[in-house]
Structures are given as C-alpha cells and as structure tokens.
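Encoded structure:
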C-alpha cells in the first residue's frame with residue numbers, strides 16, 4: 631500500500647484537495663514539500679526535513 635501524501639505543516643492528507651501543491655525544496659532541491667490548500671491560504675510555516683529551510687518567505 632502506498633503512503634498517503636500529507637501536508638508538511640498540518641499533516642492533513644491531501645487526497646482530493648484541489649488547492650494543494652507539491653514542489654521540491656527551494657533550497658536543497660532534494661525533499662518534496664507538500665502543502666494543503668488551507669495551509670497555503672493561511673501561509674502556515676513549513677520546514678524542510680533535509681536542510682532546515684523554512685518558508686513561506
């Protein structure tokens with residue numbers, strides 16, 4: 631069974647979340663950052679587990 635994709639900020643599963651996004655860390659380019667629509671709207675902080683980069687800026 632494949633692991634569900636979860637928001638890095640709130641740990642919410644993003645399945646069927648139309649406003650969610652996935653992108654590579656803008657600093658190290660090694661870790662995929664996953665954000666739900668709610669955390670994107672409120673600009674909730676996130677931290678890369680690989681390099682410690684924090685966003686949004």
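Residue numbers (my numbering): 631 to 687.
Every residue gets a Cβ at the ideal spot worked out from N, C-alpha and C, and that includes glycine.
Every value quoted in this text rests on a predicted model; they were computed, and no experiment measured them.
Beta bridge counterpart(s) of residue 664 as assigned by DSSP: DSSP lists 652 as partners of residue 664.
Length of the line joining the Cα atoms of residue 652 and residue 664: In this structure, the straight-line span from the alpha carbon of residue 652 to that of residue 664 is close to 4 Å.
9 Å Cβ cutoff met for residue 639 and residue 678: Using a Cβ distance threshold of 9 Å, residue 639 and residue 678 do not count as a contacting pair.
Contact set for residue 643: own chain, Cβ-Cβ below 6 Å, skip 5 residues either direction: Around residue 643: 634, 636.
For residue 690, the residue or residues it bridges with in DSSP: The requested residue 690 does not occur in the structure, where the chain is confined to residues 631 to 687.
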